[in-house]
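So that you can map any letter, position 88 of the sequence shown is 88 in full-length UniProt numbering, and since no number is skipped, the others follow by simple counting. Idealized CB from N, CA, C, for every residue including glycine. Computed from a predicted model, the values in this text were never measured in an experiment. Step one of this worksheet: look at the structure below.
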Amino acid sequence: MKTQWTLLIGLVFAIIIAVFAVVNVDQVPVNYIFGEAHWPLILVILGSALIGAVISASFVFFNLFSKTRHIKHLTKDLEQRDRQMERLEQDLQQRDYQINRLEQDLNVKIQQQAQLPNKEQEIVQVEEQQ
Numbered sequence: 001m002k003t004q005w006t007l008l009i010g011l012v013f014a015i016i017i018a019v020f021a022v023v024n025v026d027q028v029p030v031n032y033i034f035g036e037a038h039w040p041l042i043l044v045i046l047g048s049a050l051i052g053a054v055i056s057a058s059f060v061f062f063n064l065f066s067k068t069r070h071i072k073h074l075t076k077d078l079e080q081r082d083r084q085m086e087r088l089e090q091d092l093q094q095r096d097y098q099i100n101r102l103e104q105d106l107n108v109k110i111q112q113q114a115q116l117p118n119k120e121q122e123i124v125q126v127e128e129q130q
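Given below as structure tokens:
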């Protein structure tokens, strides 16, 4: 929608310039640095409008180019961060697996230690019986 409004405003502006240029067809002096020439005012108006449009378009394209480069840089940075996040998530999963394994080993050892007093009592009883 914004592009349509911009196009419409540009078209209206072009029509106004064209009407203004057609109404002013007299010869006017154009002063250069090295001399002077007489040109029809219609050419001076249309030439000035064309030069202004070219300058404006060059600024727009430069701005568009710099924004495109910035977007590419941000996209590349985002992809790099996504890869880093995936690596970190994998590392986290591996560490969680290791923690679970170590907890299981610890529980087994705790159970074994809990059974030690019972085994010691059995050994003492067997020794007493002999």
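Query, Result
"Have a look at the DSSP bridge pairing and note the partners of His38.", "Pro29"
"Measure the alpha-carbon distance for Val28 versus His70 and round it to whole angstroms.", "47 Å"
"How would you label Ala57, buried or exposed, when you count the other beta carbons within 10 angstroms and need 16 or more for buried?", "exposed"
"With distances taken Cα to Cα, identify the nearest neighbour of Ile15 among Lys109, Thr68, Leu46.", "Leu46"
"Determine, using beta carbons only, whether Asn63 comes closer than 7 Å to chain C.", "Chain labels in this structure do not include chain C; a single protein chain is all it has."
"Quick one: residues in its chain with C-beta nearer than 7 Å to the C-beta of Asn31, no 5 flanking neighbours on either side, listed in chain order?", "none"
"Rounded to a whole number of angstroms, what is the C-alpha to C-alpha distance between Asn63 and Arg95?", "47 Å"
"Give me the Cβ distance between Ile42 and Asn24, rounded to the nearest whole Å; I'm assuming they're in contact under 8 Å.", "6 Å"
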